[in-house]
Amino acid sequence: MSEHGKNGLTYSDAGVDIDAGNLLVEKIKPAVRSTRRPGADGEIGGFGGLFDLKAAGFKDPILVAANDGVGTKLKIAIDANLHDTVGIDLVAMCVNDLVVQGAEPLLFLDYFATGKLDPDQGAAIVGGIASGCREAGCALIGGETAEMPGMYAGGDYDLAGFAVGAAERGELLPAGDIAEGDVILGLASSGVHSNGYSLVRKIVGLSGLTWEAQAPFADAGISLGTALLTPTRIYVKPLLKAIRETRALKALAHITGGGFPENIPRVLPKHLAAEIDLSAIPVPPVFSWLAKTGGVAQNEMLRTFNCGVGMIVVVPADKAEEVSAVLAGEGETVMRLGRMVAREDGAHGTIYKGTLAL
1 MSEHGKNGLT YSDAGVDIDA GNLLVEKIKP AVRSTRRPGA DGEIGGFGGL FDLKAAGFKD
61 PILVAANDGV GTKLKIAIDA NLHDTVGIDL VAMCVNDLVV QGAEPLLFLD YFATGKLDPD
121 QGAAIVGGIA SGCREAGCAL IGGETAEMPG MYAGGDYDLA GFAVGAAERG ELLPAGDIAE
181 GDVILGLASS GVHSNGYSLV RKIVGLSGLT WEAQAPFADA GISLGTALLT PTRIYVKPLL
241 KAIRETRALK ALAHITGGGF PENIPRVLPK HLAAEIDLSA IPVPPVFSWL AKTGGVAQNE
301 MLRTFNCGVG MIVVVPADKA EEVSAVLAGE GETVMRLGRM VAREDGAHGT IYKGTLAL
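By the UniProt record's numbering, the letter at position 203 of the sequence shown is numbered 203, and the numbering carries on one by one without gaps.
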């Protein structure tokens with residue numbers, strides 16, 4: 001017989017600590033409150049989060065929903081013990097997918113699963129999620145924390161995010177009038193964002209560097225772990241401003257897993273291709289380091305990573321300057337990447353000119 005006696009087992013003996021869960025909820029309440037916006041002002045802790053579309057100013061909205069995770073970038077956060085930014089990645093991956101459809105992100109829910117709940121670690125993660133929500137203008141209206149001993153090894157956790165946005169009927173993107181000669185603009189990424197990290201981790205293994213080592217591609221004093229955990233850029237507010245002020249944006253593509261060749265054709269009509277001048281991209285040093293250290297070929301880089309461009313914007317040629325100016329005014333680094341051309345039968349939706357400055 002066990003020391004607990006025959007019927008003396010508790011949930012915490014099985015590895016689940018209800019008190020730790022309650023402590024986490026109390027710790028994160030201020031962060032959650034900081035994300036309030038018109039339409040959402042409830043406390044967390046109910047069985048569901050509420051949102052009032054009318055209070056948010058919508059008259060005849062279409063709802064747009066997206067969900068995503070952070071991928072194996074989490075493994076770097078776990079190994080480097082840096083947990084305060086992956087929540088920003090979680091939000092970014094979801095809300096960038098909403099804004100490309102012309103939708104304003106309104107609400108966010110997260111799912112956090114771990115083997116052993118550490119309330120301080122959980123609070124750091126949710127702090128990042130709240131920070132991302134504030135930057136995107138959406139409310140964190142709830143979430144789920146699951147402590148699952150035996151499912152996750154010591155210290156491991158996973159994150160998933162769910163975002164809902166809205167656009168007035170008739171204002172969704174891509175627009176139906178994308179045409180030959182339209183200009184393709186690129187918005188600079190903040191780094192690797194949140195895709196390709198299984199390859200990143202393999203390359204770091206080859207390099208022999210530790211997460212604490214000086215990052216070879218970053219300013220002095222920045223560790224490899226910190227540099228590779230640079231959070232995904234959130235493009236929501238600049239893009240919404242450009243959409244509403246210029247009414248000239250025809251299509252947007254969020255450059256995630258699959259890079260240019262997989263993501264750009266998703267928003268194009270079948271008879272058009274995006275012709276992109278790779279030499280127009282100022283490639284951040286992290287990608288040059290990854291390519292060189294891992295011996296990764298240009299085309300493999302382009303279909304694994306964003307290579308410095310996190311968002312693609314399609315505009316009429318006569319509006320390119322105006323749209324670029326609005327986006328630059330909101331802090332974006334804008335590059336002119338190419339144009340829309342006729343697509344040959346059976347050809348790919350992305351055509352390259354020039355080479356990447358790796």
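A virtual CB, placed ideally from N, CA and C, is assigned to each residue, including glycine.
*Which residue or residues does DSSP assign as beta-bridge partners of H254?*
Here residue 254 refers to the residue found at position 254 when the sequence shown is read from its first residue. Answer is M311.
*Please state whether DSSP places N67 in a helix, a strand or coil.*
Translated into positions along the sequence shown, residue 67 becomes position 67. Residue state, collapsed to three classes: strand.
*List the endpoints of the continuous alpha helix (DSSP H) containing D120.*
Translated into the one-based positions of the sequence shown, residue 120 becomes position 120. Run containing D120: 119-136, per the alpha helix (DSSP H) assignment.
*Could you say if the region 218-230 and the region 300-314 meet the contact criterion of at least three C-beta pairs nearer than 8 Å?*
no
*Between V323 and A248, is the Cβ-Cβ spacing less than 7 Å?*
Counted from its first residue, the sequence shown places residue 323 at position 323. Counted from its first residue, the sequence shown places residue 248 at position 248. Closer than 7 Å, so yes.
*Using alpha carbons as the reference points, say which of D318, R233, L228, P265 lies closest to V99.*
Position 99 of the sequence shown holds residue 99. Nearest C-alpha to V99: R233.
*In the DSSP assignment, find the alpha helix (DSSP H) that holds T293 and state where it starts and stops.*
What you label residue 293 is simply residue 293 of the sequence shown in a count that begins at 1. From DSSP, the alpha helix (DSSP H) with T293 extends over 285-294.
*For A218, three-class secondary structure by DSSP*: Here residue 218 is taken as the residue at index 218 of the sequence shown, counted from 1. In this structure, A218 counts as coil in the three-state DSSP scheme.
_Can you tell me whether L240 is helix, strand or coil according to DSSP?_
Taking the sequence shown and counting its residues from 1, one reaches residue 240 at position 240. Three-state DSSP puts L240 in a helix.
*Have a look at the DSSP bridge pairing and note the partners of T145.*
Here residue 145 is taken as the residue at index 145 of the sequence shown, counted from 1. Answer is F112.
*How many angstroms separate the CA atom of H271 from the CA atom of R343?*
To locate residue 271, count along the sequence shown from 1; it is residue 271. To locate residue 343, count along the sequence shown from 1; it is residue 343. About 5 Å.
_What does the alpha-carbon distance come out to for the pair L173 and T210?_
Along the sequence shown, read from residue 1 onward, the residue named residue 173 stands at position 173. Along the sequence shown, read from residue 1 onward, the residue named residue 210 stands at position 210. One C-alpha to the other measures close to 43 Å.
*Check whether the Cβ atoms of M335 and Y235 sit closer than 7 Å, and answer yes or no.*
Taking the sequence shown and counting its residues from 1, the one referred to as residue 335 is at position 335. Taking the sequence shown and counting its residues from 1, the one referred to as residue 235 is at position 235. At the C-beta level, M335 and Y235 stay beyond 7 Å of one another.
*Every unbroken beta strand (DSSP E) within the region 182-229, with a cutoff of 3 residues, ordered by chain*: 183-188
*asked:* What does the alpha-carbon distance come out to for the pair D110 and A297?
replied: Residue mapping note: residue 110 aligns to position 110 of the sequence shown, counting from 1. Residue mapping note: residue 297 aligns to position 297 of the sequence shown, counting from 1. So the two alpha carbons sit approximately 36 Å from each other.
*Name the two residues that bound the continuous beta strand (DSSP E) containing F260.*
Numbered from 1 along the sequence shown, position 260 holds the residue referred to as residue 260. Segment 259-263 is the alpha helix (DSSP H) holding F260; no beta strand (DSSP E) there.
_Determine whether the beta carbon atoms of A257 and N299 lie at a separation below 7 Å._
Numbered from 1 along the sequence shown, position 257 holds the residue referred to as residue 257. Numbered from 1 along the sequence shown, position 299 holds the residue referred to as residue 299. The question names Ala, but residue 257 in the sequence shown is Gly. In this structure, N299 does not lie closer than 7 Å to G257 by Cβ.
*For M1, collect the residues of the same chain with a Cβ closer than 7 Å to its Cβ; drop the 5 residues on either side in sequence, then sort them by chain order.*
Stepping through the sequence shown from its first residue, residue 1 is reached at position 1. In this prediction, M1 scores a pLDDT of 45, lower than 50, which makes its location untrustworthy; the coordinate-derived value is nonetheless stated afterwards. For M1, where only same-chain residues beyond five positions count, there are no Cβ hits under 7 Å.
*alpha helix (DSSP H) segment containing E26, residue limits*: As a first step, residue 26 is located in the sequence shown; it is residue number 26 there, counting from the start. Counting along the chain, the alpha helix (DSSP H) containing E26 begins and ends at 18-33.
*Going by C-alpha distance, which of P285, D52, A274, P282 is nearest K353?*
By one-based count along the sequence shown, residue 353 stands at place 353. When each option's Cα is compared against that of K353, the closest is A274.
*asked:* To the nearest angstrom, how far is the alpha carbon of A56 from that of P38?
replied: Here residue 56 refers to the residue found at position 56 of the sequence shown. Here residue 38 refers to the residue found at position 38 of the sequence shown. Cα to Cα, the separation comes out at about 5 Å.
*Using alpha carbons as the reference points, say which of L185, A291, L327 lies closest to E245.*
What you label residue 245 is simply residue 245 of the sequence shown in a count that begins at 1. Checking every option, the nearest Cα to that of E245 belongs to L327.
*So which of V315, S34, A320, K29 has the shortest CA-CA distance to D177?*
Here residue 177 refers to the residue found at position 177 when the sequence shown is read from its first residue. It is V315 whose Cα lies nearest to the Cα of D177.
*Whose CA, out of G349, G186, G15, Y157, lies closest to the CA of P76?*
Position 76 of the sequence shown holds residue 76. Per the sequence shown, residue 76 should be read as Ile rather than Pro. Out of G349, G186, G15, Y157, Y157 has the C-alpha closest to the C-alpha of I76.
*Identity of the residue in D60, C138, A123 nearest P30 by Cα*: Position 30 of the sequence shown holds residue 30. When only C-alpha atoms are compared, the closest one is A123.
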